[in-house]
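Q: For the record, the sequence lines run as chains A and B.
For the first sequence, my numbering begins at 1 and goes up steadily by one.
For the second sequence, my numbering begins at 1001 and goes up steadily by one.
Have a look at the structure that comes next, please.
2 protein chains.
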Amino acid sequence: MTEIPATRMARATAEMVAERANVSRVAVSRAFNPNASLRPDKRELILRIARELNYFPDRAARTLVSGRSHLIGVIVPDVCSYWESQEIDTLTSALQNEGFATLLFKTRTDYSMDEQLLAYMRGFNPDSVIAFVENVKPQILTRFLDRAVPIYVDYPHSGVASPAEPGPVFDRLNILQRDGIEQAIALLQGFGASRIAYLAGKTKSRASAARETMLRTIMNERGLAPPIQMAGDFGYEAAFQSTIDLFKVAGGADAIFAANDVSAFGALDALRHELGLRVPQDVSVIGFDDIAQANWKSYNLTTVKFDLEARVRALVRLILRRLNEPDSPGLEETLSTRLVVRGTVG
Amino acid sequence: MTEIPATRMARATAEMVAERANVSRVAVSRAFNPNASLRPDKRELILRIARELNYFPDRAARTLVSGRSHLIGVIVPDVCSYWESQEIDTLTSALQNEGFATLLFKTRTDYSMDEQLLAYMRGFNPDSVIAFVENVKPQILTRFLDRAVPIYVDYPHSGVASPAEPGPVFDRLNILQRDGIEQAIALLQGFGASRIAYLAGKTKSRASAARETMLRTIMNERGLAPPIQMAGDFGYEAAFQSTIDLFKVAGGADAIFAANDVSAFGALDALRHELGLRVPQDVSVIGFDDIAQANWKSYNLTTVKFDLEARVRALVRLILRRLNEPDSPGLEETLSTRLVVRGTVG
DNA sequence: CAGCTAAATGAAAGCGTGTGCATCTTGTTC
DNA sequence: GAACAAGATGCACACGCTTTCATTTAGCTG
């Protein structure tokens, strides 16, 4: 629950600190900038008095003159999505450690992003923006975020298109999906599964497409029939219904590979509580992400882990490097995946 | 998944708009302030040109001169907690509609809040702060948030202390827990439950204490024995373990009333998957909050609904009123609860 | 101690906006 | 048409800080 202080703040200024320390206002400014040259004892004195007066440099003024707000905008359709909430959580900690703060905005839940929101957000002067939205139109970006350097999430060797080479500068976050998915298929194959279904995410999701294509490739390499298609949208309800359809209308399957963990939960619940099937005895289920709930006893889900902390670290590294080197060519970070074996395959 | 544009922004200023519209810079400023007097056709022209140039007033400059940042700080120990993530989600939408933005900070997960974080946060000039933290020390508040007007979350008629009357000004959010809890007990009693356990939240949580005291009062009124005590911390794992203890070490119970939904999930999973009991045939379970997952088939939880949207609306109303009337005496909002019947009681 | 370099310092010029005040324009009334 | 009120307009300053730039001081070498 919550305690909530609402407040207006009456703050000390650099002027007051300077007066009390018998130095110039400029010295105070320098005391808070580690790179500025200032006699060490003087700096110490200033910082002590600043602490006494509870002084911190005003970000608004600092932003105005330096052009840096130390705010990172985060645009998200739905804070409650489990994966996204965990990413926001980790990201906020990481940014906080680097002297930044998270500025949160909501967009429509259909994963689109409109001009109005971008204009609104831009008014707050974020130094950088992270959008949990796929398929953003480039013209929207360039219209509102002049000089933007996008980070492109790429899935190498997945069959899903990489960004065109002769284009504007962009940074790149590579996600290697093969390891985790291959381990998953090997496990399923080891238990004799042959009819394997892929429970997709949103139709236009590149992440889901990349997972599916990689899955198809690996299954083909291993002599398995192509995956059975199941519609989904990364959500619980759609997965629940889609699983019922698979078994009542289509011919069922030995295993379901879901585009994310929440989908896998929907499939599990449909199998157990609606279709009366046993998991893993009758059907195996594998998820993707390894969110905290995957470890809850009700689900105890075998899933492809996509290391959240590593991902956030990579993201923050990319953002900070780009802020420091605005003109350098495309930066790059790479992440991998691996299978976490629990109780839904067997 | 994500697409991420990182950016520095080259923006139009009021000066440029003024020049292009053949008006003074002041006129541009007034065009964006609905209360300022400006000829309507002139305003229209300016706004049109502003849109062409993609101009918006710079918040940093505006903040500097007006003292209003339009940022609302939100301090939270754990963004992923389901209830809190839903509240942040709803809150962000509501603030966005009012021209504000959410500035997110993380504190330690032990629900404490330290001076360092407050000082850091204050540097960003939030107009107001919402802390999802209980038991904040008043001296910390007054040290960093001079002129703060806290919002006190009160549980009237619950037996848990209301704020001392002769103190500083504060606003108040009243939460009437009786309705929902009374309906829940009536339902349990109707099914013949007599041994009812209370699965508590964090030890020092006023919310949990208020729920427990209210529960005890109502059970007493209705001639039931006092609730059996179960330790918990609002989390899944603790609830899971505590439920096992209740049945393996202590003498079990007919029903478990949990301090929140996530605890109820832990109890449910322990009952079904670890203890081999049937819910609701052998044991009933009731939660508190009605988060989205409570409606998932695996849980299908009967729970006391605490209307999130109503709560957020009340919160935002309090904050905005307080910002507009800094000197008015204590403001007040009141919320109620009610039972949502699903499948875990019977 | 002279002569040099490097570090330390303060004055002043902004950064982009809102607002009080004085001035000018418009519209209304007799 | 004159007199007045009300509204529209622009100047200049303020907000709190960072950053040149020119100047002073300290540190070092021979």
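We treat Cβ as the ideally placed atom computed from N, Cα and C, and that holds for glycine.
Every value quoted in this text rests on a predicted model; they were computed, and no experiment measured them.
With B/Leu1064 as the anchor, note down where its alpha helix (DSSP H) starts and where it stops.
A: Counted as a single uninterrupted DSSP element, the alpha helix (DSSP H) harbouring B/Leu1064 occupies residues 1059-1066.
Q: Quick one: is A/Ser29 near chain B, going by C-beta distance under 8 Å?
A: no
Q: Name, please, each residue of chain A whose Cβ falls closer than 9 Å to the Cβ of B/His1273.
A: Lys297, Ser298, Asn300
Q: Determine the chain A residues that contact B/Asp1269 at a beta-carbon separation under 8 Å, and present them in chain order.
A: Trp296, Lys297, Ser298
Q: State the start and end residues of the unbroken alpha helix (DSSP H) segment that holds A/Asn215.
A: In the sequence under discussion, the amino acid at residue 215 of chain A is Leu, which differs from the Asn named in the question. Its alpha helix (DSSP H) spans residues 206-221.
Q: By how many angstroms is the C-alpha of B/Ser1081 removed from the C-alpha of A/Lys297?
A: 18 Å
Q: If I measure Cβ to Cβ from B/Ser1416 and keep anything under 7 Å in the same chain, skipping five residues before and after, which residues do I get?
A: No answer is possible for residue 1416 of chain B: it lies beyond the span of chain B, which begins at 1001 and ends at 1346.
Q: Hey, how far is the Cα of B/Ala1209 from the Cα of A/Ala186?
A: 51 Å
Q: Hey, which unbroken runs of the alpha helix (DSSP H) at 4 residues or more fall wholly within the segment 73-109 of chain A?
A: Counting whole runs of 4 or more residues, the segment 73-109 of chain A contains the alpha helix (DSSP H) stretches 82-97.
Q: Measuring alpha carbon to alpha carbon, tell me which residue in B/Met1113, B/Thr1344, B/Leu1339 is nearest B/Leu1277.
A: B/Thr1344
Q: Does any residue of chain A bring its CB to less than 8 Å from the CB of B/Ile1196?
A: The beta carbon of B/Ile1196 sits no closer than 8 Å to any beta carbon of chain A.
Q: Between the alpha carbons of B/Phe1100 and B/His1070, how many angstroms are there, rounded?
A: 5 Å
Q: In the DSSP assignment, the beta strand (DSSP E) including A/Gly330 goes from what residue to what residue?
A: Looking at the DSSP string, A/Gly330 is not in any beta strand (DSSP E), and its letter there is neither H nor E.
Q: Would B/Leu1335 pass as a contact of B/Asp1290 if the rule is Cβ separation under 8 Å?
A: no
Q: According to DSSP, B/Asn1174 sits in a beta bridge with which residue or residues?
A: B/Asp1154, B/Thr1334
Q: Who are the neighbours of A/Asn125 on chain B, taking C-beta pairs under 9 Å?
A: Met1009, Arg1011, Asp1058, Arg1059, Ala1060
Q: Could you tell me whether the segment 191-207 of chain A touches the segment 311-327 of chain A, where touching means 3 or more Cβ pairs closer than 8 Å?
A: no
Q: Going by alpha carbons, who is nearest to A/Gln116 out of B/Arg1108, B/Asn1097, B/Ser1328?
A: B/Asn1097
Q: Just curious, the alpha helix (DSSP H) that B/Phe1240 is in, first and last residue?
A: 1236-1248
Q: Quick test of your reading: B/Gly1201 and B/Tyr1236, contact by CB under 8 Å. State the CB separation rounded to the nearest angstrom.
A: Not quite, the Cβ-Cβ distance comes to about 13 Å (not below 8 Å), so this is no contact.
Q: Please report the residue range of the alpha helix (DSSP H) in which B/Tyr1120 lies.
A: 1115-1122
Q: Determine the DSSP secondary structure at A/Val345, reduced to helix, strand or coil.
A: coil
Q: With distances taken between CB atoms, is the gap from A/Val153 to A/Ile181 smaller than 8 Å?
A: In terms of Cβ geometry, A/Val153 and A/Ile181 do not form a close pair [threshold 8 Å].
Q: A/Ser29 lies in the alpha helix (DSSP H); which residues open and close that run?
A: First-last of the alpha helix (DSSP H) with A/Ser29: 25-31.
Q: For B/Asp1089, would you say it is in contact with chain A, using Cβ-to-Cβ distances shorter than 8 Å as the test?
A: yes
Q: Would you call B/Asn1125 buried or exposed, if buried means 16 or more other Cβ atoms sit within 10 Å of its Cβ?
A: Counting Cβ neighbours within 10 Å, B/Asn1125 comes out buried, since at least 16 surround it.
Q: Within 10 angstroms of the Cβ of B/Gln1366, are there 16 or more other Cβ atoms? Answer buried if so, exposed if not.
A: Outside the displayed span of chain B (1001 to 1346) sits residue 1366 of chain B, for which this structure offers no information.
Q: Is it right to say A/Pro227 is buried, meaning 16 or more other beta carbons lie within 10 angstroms of its own, or is it exposed?
A: buried
Q: If you follow the beta strand (DSSP E) that B/Phe1132 is in, where does it begin and where does it stop?
A: Looking at the DSSP string, B/Phe1132 is not in any beta strand (DSSP E), and its letter there is neither H nor E.
Q: Does any residue of chain B bring its CB to less than 8 Å from the CB of A/Met243?
A: Before going further, note that residue 243 of chain A is Thr rather than Met in the sequence given. Output row for A/Thr243: interface = no.
Q: Let me check understanding here. Comparing Cα to Cα, which of A/Ser205, A/Leu215, A/Gly123, A/Ile140 lies closest to A/His157?
A: The shortest C-alpha separation from A/His157 is found at A/Leu215.
Q: My understanding is that A/Arg272 touches A/Asn300, with C-beta atoms under 8 Å, so please give their C-beta distance in whole angstroms.
A: About 12 Å separates the two Cβ atoms, so there is no contact after all.
Q: Distance check for B/Gly1251 and A/Asp282, CA to CA, integer angstroms please.
A: 36 Å
Q: Would you decide whether B/Pro1040 is buried or exposed? Buried here means 16 or more other CB atoms lie within 10 Å of its CB.
A: exposed
Q: For A/Leu246 versus A/Ala197, is the C-beta distance shorter than 8 Å?
A: yes
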